[in-house]
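> Got a structure here, written out as structure tokens. Questions coming.
Residue numbers (this note's numbering): 1 to 426.
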């Protein structure tokens, strides 16, 4: 991999998401050689993927080059490749471009979609976990409206204009709200000759309510706001299959749609080679309070890939960006303390709350015992997301886009740069 060998311990970080990026930014490379590996050459701000999917933002607004982030750090190297396997006994990582040894390994590879073993849904639904997924979904949504204009088959037109979102967590709720605003404010101008009353947005949730992890009050507000926007909400409903453009459920309801969007579940994603007996709930690697994988002293697991199981966190921690970021900063400080022969401390999560936006002037925010909704919550949501974006340029671009959309009701350019091609039926 053309990484020089020097007289410093080598720390290899796999993944440039929220956790891995914080480790890379905060670690003192006067004491370590840092190697960051990722399959993309950019960091993605995943909480705003839904706005790329709904044509509200362009992809470069929420992505930032890894090399630009690390350009001022010495003894730091980045490699664009896929990690294929980890040999913990020999402390070697096997990648598509060669092998590399490590003194300490940080796995921050995040999560992937969990289709719960349903191959048909995995093949034919559209997930939204990466920038590529978001662009596929944008092309699919916009392409469907173009196709709907050119068909005289009313049943086919309904299929093209019906959108089914599975999962009413923050991602599903925010995407449903964005699609509803697209229908109500944007598409009537873009497609004046298309009867948009045919368009339906269905949000399906297995739990009894939307935003189930949040307080009931927040859930009720989100439910009411979505219904006012015209979203059809189905709670306590499981999707069992998706075949021939028909979504089957555990109840009497079924939905004909050309677009099934999967936001229902995630699981930990990590390379092969780790002890399978130490993988816990949510397909996550079990760690101790110091984020160290059980049985391997020099391997650390962060973010969605790891599951802390201890007296302090018997149920582990949620798969949230805030957890990943705090763990990344914690581990960088831990490495810096080790370099100075100082005692290490266990990770303690500071729950700063949760939030979700439903649309224009509508959001729900929970911060410890405080809960609020509406316009002020929406402003808080925007401010927090702007501050968490990587790069001043991205913050300015996103802010300008949001303000333009707020006053002009015109979000994005809605370009179909790369038409979406559906996988062949199996």
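Even for Gly, the Cβ is constructed at its ideal location relative to N, Cα and C.
Classify residue 348: buried if its beta carbon has 16 or more other beta carbons within 10 angstroms, exposed otherwise.
Residue 348 is exposed by the Cβ-count criterion.
> Give a yes or no on contact between the region 385-392 and the region 360-371, applying the rule of three or more CB pairs nearer than 8 Å.
No, the region 385-392 does not touch the region 360-371.
> Using a Cβ-Cβ cut-off of 7 Å (strictly less than) and excluding sequence neighbours within five positions of residue 179, which residues of its own chain qualify?
Within the same chain, residue 179 has close Cβ partners 54, 163 and 201.
> Would you check if the distance between the CB atom of residue 110 and the CB atom of residue 15 is smaller than 9 Å?
Going by C-beta atoms, residue 110 is nearer than 9 Å to residue 15.
> Nearest-angstrom Cα distance between residue 205 and residue 257?
Answer to the nearest angstrom: the Cα atoms are 17 Å apart.
> Can you tell which of 226, 373 and 11 has its C-alpha closest to the C-alpha of residue 215?
Of 226, 373 and 11, the residue nearest in Cα terms is 373.
> Following the continuous beta strand (DSSP E) through residue 102, name the residue where it begins and the one where it ends.
First-last for residue 102: undefined, no H or E at that position.
> Run through the DSSP bridge pairs and tell me what residue 87 is partnered with.
Note: residue 87 sits in a beta bridge opposite 92.
> Around the Cβ of residue 1, are there at least 16 other Cβ atoms within 10 angstroms (buried) or fewer (exposed)?
Residue 1 is exposed by the Cβ-count criterion.
> Examine the Cβ distances between the region 412-419 and the region 48-64 and report whether three or more of them are shorter than 8 Å.
Output reads yes: the region 48-64 touches the region 412-419.
> With H, G and I counted as helix, E and B as strand and the rest as coil, what does DSSP make of residue 210?
Residue 210 falls in the coil class under three-state DSSP.
> Between which two residues does the beta strand (DSSP E) holding residue 373 run?
Segment 370-373, the beta strand (DSSP E) holding residue 373.
> In the DSSP assignment, the alpha helix (DSSP H) including residue 363 goes from what residue to what residue?
Unbroken run through residue 363 is the beta strand (DSSP E), 362-367; no alpha helix (DSSP H).
> If you draw a straight line from the C-alpha of residue 126 to the C-alpha of residue 357, how long is it?
Computed Cα separation, rounded: 21 Å.
> With DSSP collapsed to three states, give me the class of residue 47.
Here residue 47 sits in helix by DSSP.
> Can we say the region 33-40 touches the region 5-21, given the rule of at least three CB pairs closer than 8 Å?
Cβ pair count under 8 Å is three or more, so yes.
> Looking at the structure shown, is residue 124 part of a helix, part of a strand, or coil, going by DSSP?
Note: residue 124 maps to helix in three-state DSSP.
> Please list, in chain order, all residues of the same chain as residue 65 whose beta carbon is under 7 Å from its beta carbon, the five residues on each side excluded.
Counting only Cβ-Cβ distances below 7 Å, and skipping sequence neighbours, we find 41 and 42.
> Which stretch, first to last residue, makes up the alpha helix (DSSP H) that contains residue 486?
In the structure as shown, the chain begins at 1 and stops at 426. Residue 486 is therefore absent and cannot be evaluated.
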